[in-house]
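Here the structure is laid out as structure tokens; the discussion comes afterwards.
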Amino acid sequence: MSLPDVVIGGAITLVGGGAVAWLGGQRADRADKRRFAHERELEHDRRGQDRLESTYVSLLEFASQAFENANREVQDRVLELRPPPPPGPMVTPDDPHRLLATMGAFASDEVRKLGDAFENNRRRVRMTVWHYEVAKGAPTSPGATELAPHFEAMEAALAQLREAREALRGRIAEELKG
127 MSLPDVVIGG AITLVGGGAV AWLGGQRADR ADKRRFAHER ELEHDRRGQD
177 RLESTYVSLL EFASQAFENA NREVQDRVLE LRPPPPPGPM VTPDDPHRLL
227 ATMGAFASDE VRKLGDAFEN NRRRVRMTVW HYEVAKGAPT SPGATELAPH
277 FEAMEAALAQ LREAREALRG RIAEELKG
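This note's numbering applies: residue 127 is where the sequence shown begins, and numbers increase by one.
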């Protein structure tokens, strides 16, 4: 074997070894990129689940407070002779708007529908209480028989609000389990 053949053979070996090393590095780089993308996707999913759970916990807290407020309003009118119960945490006017916005961003379609139904029932309770107050303040001084339809309307609205709250609780529990 002559010297140029050895040099050519060495050059081929060097180029071939370099190509194999470069291809191995490329493959490892692609694997690292796929692993990084997968980890990033898992972290994104985890943060999304955390936001969803936070949204649902806030929604359930709001539903409980709103129901208790509505129940207290109705019961105060139905049994006006007893002293009112101590006030609980009140739903502020901003609570429904903030919660509905968060729910719109993170909740499932089914939970959004149930949340909207709950809010509509909460408003219905407030309207029946308002109608009762207007009727009670009428100049003819209505008696119990004239106010009975208002009591029935308040009780019916409260029952629907209770059903909406329970449907919301059930759906959220189902979604958070799965």
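Here a beta-carbon is modelled for each residue, glycine too, at the ideal position from N, C-alpha and C.
Query                                                                                                                                                        : Result
Give me the Cα-Cα distance between Leu-287 and Asp-158, rounded to the nearest whole angstrom.                                                               : 53 angstroms
Say yes only if the C-beta of Val-141 is nearer than 7 angstroms to one or more non-hydrogen atoms of the ligand ADP, and no if none qualify.                : Summarising the ligand content, the structure contains no ligands, and the ligand ADP is consequently not present.
List the whole-angstrom C-beta distance separating Ala-283 from Val-251, where the pair is believed to meet the contact cut-off of C-beta under 8 angstroms. : 4 angstroms
Tell me the rounded alpha-carbon separation between Asp-202 and Ala-279.                                                                                     : 14 angstroms
Which runs of the beta strand (DSSP E) at least 3 residues long sit entirely within the segment 231–268? Give them in chain order.                           : none
Would you say Ala-290 and Phe-244 are within 8 angstroms of each other, going by their C-beta atoms?                                                         : yes
Under the assumption that Phe-232 contacts Leu-168 (Cβ atoms under 8 angstroms), give the Cβ distance between them as a whole number of angstroms.           : Not a contact, Cβ separation roughly 18 angstroms.
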